[in-house]
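Novice: Residue numbers (this note's numbering): 10 to 327.
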């Protein structure tokens, strides 16, 4: 890997050309990803991709006039200390706001690169060229903000952000909550029935693990096969199934792990505390993401969980 200070001025321009091309493709990928659900933000990224291609063409023209037609391959990953960016798909999966932040940071990084390059140039013509490019990138960053204000005013941005929140709730929170509720509540009866029937924590632990894993597999398949998500907007069935299955298993394992404690009474006390915490977390999630009053959610969850817990204790004590 080469040091930035070892690059010739022509190689610095070649690096800039490659970087502009990469940035333009990133913006184009963002636009394509957002086009269906966020057309206004997609339009912003399309305009930014076009401007990146214009900057790239200017760089190519200037390079050709100064160094000739052959442009060497110099990439950001070949230069030590050069800003390394995440792949577009890594940013896309974090949502629209992450893409907006990433784009703004890309413009700031590009402007800083040109300023540093101009500072180490000894050729007056090249120094002026790199300085002009630095100002162009600064203007591009400001233009990006202006484009966003023009095409994405507060009202439209609020709508898009609200849509993103609803989609997150529908595709992630809802299947996760269903799994967590099922795992936390449905496994109470077998776990505590085994505990009170045998008074052996290890037996209760084995029953709890079996119930949690089994419920996780069952709920995962049930969620994944419920619908393909195209009409309901619930997203990829495989992702929903994985989320639901994992949360179901987690919900059951939470109050199962305390039965690794060898003393029965201690294990029972810790498990009881964990159950209360689990039900409180479920109530908070329902309040936070489903607009359910916290007190109402807590009463509903605690009442249902209490019934299942009581059933397990009665059956185990019979």
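All C-beta atoms in this analysis are idealised placements derived from N, C-alpha and C, irrespective of residue type, glycine included.
1. Would you mind reading off the limits of the alpha helix (DSSP H) that contains residue 104?
2. Should residue 308 go down as buried or exposed, given a rule of 16 or more other Cβ atoms within 10 Å for buried?
3. Do residue 278 and residue 268 count as a contact pair if the criterion is CB distance below 8 Å?
4. Is residue 252 near residue 322, with beta carbons less than 8 Å apart?
5. For residue 263, collect the residues of the same chain with a Cβ closer than 6 Å to its Cβ; drop the 5 residues on either side in sequence, then sort them by chain order.
6. To the nearest whole angstrom, what separates the beta carbons of residue 198 and residue 290, a pair I think is in contact under 8 Å?
7. Please classify residue 208 as buried or exposed, where buried requires at least 16 other C-beta atoms within 10 Å of its C-beta.
8. I'd like the list of long-range same chain contacts for residue 226, defined as Cβ closer than 7 Å, with 5 residues on each side in sequence excluded.
9. Three or more C-beta pairs closer than 8 Å, one from the segment 106 to 117 and one from the segment 127 to 142: is that the case here?
10. With distances taken from CA atoms, which of 45, 260 and 276 is nearest residue 314?
11. On a Cα-Cα basis, can you pick out the residue from 52, 24 and 23 that is closest to residue 36?
12. Measuring alpha carbon to alpha carbon, tell me which of 47, 139 and 230 ends up nearest residue 104.
13. Whose CA, out of 93, 89 and 142, lies closest to the CA of residue 61?
14. Under the rule that 16 or more other beta-carbon atoms within 10 Å means buried, what is residue 204, buried or exposed?
15. Specify the secondary structure class of residue 95 as computed by DSSP and reduced to three states.
16. Kindly indicate which three-state DSSP category residue 240 falls into: helix, strand or coil?
17. If you follow the alpha helix (DSSP H) that residue 205 is part of, which residue opens it and which one closes it?
18. With distances taken between CB atoms, is the gap from residue 83 to residue 23 smaller than 8 Å?
Specialist: Let me lay it out:
1. It is not in any alpha helix (DSSP H) - residue 104 carries neither H nor E in the DSSP assignment.
2. exposed
3. no
4. no
5. 283 and 287
6. About 20 Å separates the two Cβ atoms, so there is no contact after all.
7. exposed
8. 254
9. no
10. 260
11. 52
12. 47
13. 142
14. buried
15. coil
16. With a pLDDT of 44 at residue 240, under the threshold of 50, the predicted position of this residue should be treated as unreliable, though the coordinate-derived value follows. Residue 240 falls in the coil class under three-state DSSP.
17. 197 to 207
18. yes
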